[in-house]
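J.: Input: one structure, supplied below.
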Amino acid sequence: MDEYLEKLFADAFRREVEQEENVLRTLPLFAALASLTLLVLREFGGDIPPVDGTWANLALHGLLIAIAAAFLYVFVFMFVALRARRYQFPDDETEIRRTADDLLDFYVNEGLPQAEAEAQAHRELRQQMIDQFATAASNNRQQNERRHAARSRAFNGLTAALALSLLFVAATYIMDVTRSLPDGPATAGIHGTMSHGD
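Counting with my numbering, you get residues 73 to 270 for the letters of the sequence shown.
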């Protein structure tokens, strides 16, 4: 039974350590999406006209505010995902060796034969390691779940910021096309009809 539990909890501990590292591996993806969004805003947001009270103009400025809010959302949850957390680890090799020696000395001093003292010390040390792996794996899983939840929210916010920036580009293009028309579509049609009648 101890052998099974030792392998089970040690594997669980290793999985949680890998999950912790997975959060860091996604940082390049976040950086790429953020850079793309900022590049779009830099290319198309520099010529936005000042607020003039028209619906189209207010919509453009509203999109910029929404994008800024989305980035703030991303920064908050990325901070939550990356901040230092209280991970637990089993004793290091030096501490394990010291514990093993102390256990062996204890059972030898209790009057047990050397072989029996070593077997008893081994069983107790193994039980301690099983407990440490179980405690560390459980704690680290809780920390990773919180970290992954924050990372997911940050990714959703970044995706929203990118989508809003593309919508901003489309709105800017439509406004530019509309401004380039001399009298608007309806007026142009009237002028065209009068000219044909003449």
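Positions of the beta carbon are idealized from the N, C-alpha and C atoms, including for glycine.
Can you tell me whether DSSP reads LEU271 as helix, strand or coil?
T.: Residue 271 lies beyond the range of the chain shown here (73 to 270); nothing can be said about it.
J.: DSSP on TYR179, reduced to helix/strand/coil?
T.: Helix, per DSSP.
J.: Please classify ARG213: does DSSP put it in a helix, a strand, or coil?
T.: ARG213: helix per DSSP, three-state reduction.
J.: Excluding five sequence neighbours on each side, which residues of the same chain lie with their C-beta closer than 7 Å to the C-beta of GLU88?
T.: These residues qualify, in order along the chain: ALA209, ASN212, ARG213 and ASN216.
J.: What's the gap between the Cα of ASP164 and the Cα of MET201?
T.: Between ASP164 and MET201, the C-alpha separation is close to 11 Å.
J.: Could you pull the start and end residues of the alpha helix (DSSP H) that PRO100 belongs to?
T.: Counting along the chain, the alpha helix (DSSP H) containing PRO100 begins and ends at 99-116.
J.: What three-state label does DSSP hand THR126 in the structure shown?
T.: Three-state DSSP puts THR126 in coil, outside helix and strand.
J.: Here's a check: name, in chain order, each residue in its chain whose Cβ is nearer than 7 Å to the Cβ of LEU77, leaving out the five neighbours to either side.
T.: Hits under 7 Å: ILE202.
J.: With a threshold of 8 Å, are at least 3 pairs of Cβ atoms found where one atom belongs to the stretch 219-232 and the other to the stretch 121-129?
T.: No, the stretch 219-232 does not touch the stretch 121-129.
J.: If I measure Cβ to Cβ from THR244 and keep anything under 6 Å in the same chain, skipping five residues before and after, which residues do I get?
T.: So the qualifying residues of the chain are PHE116.
J.: Go through the stretch 131-197 residue by residue and report every complete run of the alpha helix (DSSP H) that reaches 4 residues or more, in order.
T.: Taking only runs of at least 4 residues, the alpha helix (DSSP H) segments lying wholly in the stretch 131-197 are 165-181.
J.: Taking buried to mean at least 16 other C-beta atoms within 10 Å of its own C-beta, is MET162 buried or exposed?
T.: Reading off the sequence shown, one finds Pro at residue 162, where the question assumed Met. Answer is buried; the Cβ neighbour count reaches 16.
J.: Sorted by chain position, which residues of the same chain lie with C-beta nearer than 6 Å to HIS263's C-beta, five sequence neighbours on each side aside?
T.: Interpretation of HIS263 is limited by its pLDDT of 38, a score under 50 that renders its predicted location unreliable; no figure is taken from the coordinates.
J.: Do THR109 and SER252 have their beta-carbon atoms positioned less than 8 Å apart in this structure?
T.: No, the pair does not count as a contact, with Cβ atoms beyond the cut-off.
J.: Please classify ILE202: does DSSP put it in a helix, a strand, or coil?
T.: Helix.
J.: Taking 8 Å as the limit between beta carbons, can you name the residues of its chain near MET266, skipping five residues before and five after?
T.: Interpretation of MET266 is limited by its pLDDT of 38, a score under 50 that renders its predicted location unreliable; the figure taken from the coordinates is listed afterwards. Around MET266: no qualifying Cβ.
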